[in-house]
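What follows is a single structure, written as structure tokens, with notes after it.
Numbering (the numbering used here), first residue to last: 43 to 231.
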């Protein structure tokens, strides 16, 4: 039995269909030509986004458009991948922490599956972080070292010259014995 629909119900149905169509178009656009992951909006806090501070990140490897990108302070690795057009087929997405906060001047290399990722700047072949050559992003990979602590380590290094031993790390503001004990086996000079 056919039930006649009111003009109001018909209009509501058309609106729903249009919205579903727009959602599909946005999804297809986000996937791009290479089946890239759907980009996630920036997670920068409103205060950071409002500040407009600019950082530059160089992303290369298995992304659609490798290059240097201007992003916002507070953006994450997922934002750099999205700016570069997403991952290409075969990208080893497990090698990149998409939630990691970006720092100005860093380079992100996205390897393909089976490729050994390049060592981060300031690390040794054994994976130890060199306090004298590591950049902020590499220092940030250490436990209990975030962007602020990484900046203090670099500031100390610039003010006092190279670290002569790992024990010099205790001279950095905010590094106590407990933090140092968790780091000493992961660092070198």
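Glycine included, each C-beta is placed from N, C-alpha and C at the ideal position. All of these numbers come straight from a predicted model, not from anything done at the bench.
* Asked: How far does the alpha helix (DSSP H) with residue 120 in it reach, from first residue to last?
  -> 119-125 is the span of the alpha helix (DSSP H), which, as asked, contains residue 120.
* Select from 189, 173, 138 the residue whose C-alpha is nearest the C-alpha of residue 115. => The candidate whose alpha carbon is nearest that of residue 115 is 189.
* Asked: Considering only the beta carbon of each residue, do residue 140 and residue 99 sit closer than 8 Å?
  -> For residue 140 and residue 99, no; Cβs fall outside 8 Å.
* What does DSSP give as the partner residues of residue 102 in its beta bridges? -> Beta bridge pairing from DSSP links residue 102 with 151.
* C-alpha gap between residue 219 and residue 209, whole angstroms -> In this structure, the alpha-carbon of residue 219 lies about 10 Å from that of residue 209.
* Asked: Pairing CB atoms from the region 144-153 with CB atoms from the region 95-113, are three or more of them under 8 Å?
  -> Yes, the region 144-153 touches the region 95-113.
* **Endpoints, the alpha helix (DSSP H) within which residue 181 is located** => From DSSP, the alpha helix (DSSP H) with residue 181 extends over 178-181.
* Asked: Beta carbon of residue 229, beta carbon of residue 212: below 8 Å?
  -> In this structure, residue 212 does not lie closer than 8 Å to residue 229 by Cβ.
* Could you name the residues of the same chain whose beta carbon sits closer than 7 Å to that of residue 110, not counting the 5 residues immediately before and after it, in chain order? => For residue 110, where only same-chain residues beyond five positions count, the Cβ hits under 7 Å are 98, 100.
* Through-space distance from residue 195 to residue 182, alpha-carbon basis -> Looking at the two C-alpha atoms, the distance is approximately 10 Å.
* To do: Taking all protein chains shown into account, decide if residue 180 is buried (16 or more other Cβ within 10 angstroms of its Cβ) or exposed.
  => Buried is the call here.
* Could you have a look at residue 129 and say whether DSSP puts it in helix, strand or coil? => Correct three-state label for residue 129: strand.
* To do: Report all residues from its chain with a CB closer than 8 Å to the CB of residue 224; omit the five preceding and five following residues, and keep chain order.
  => Excluding residues within five positions, the ones whose Cβ falls inside 8 Å are 185, 186.
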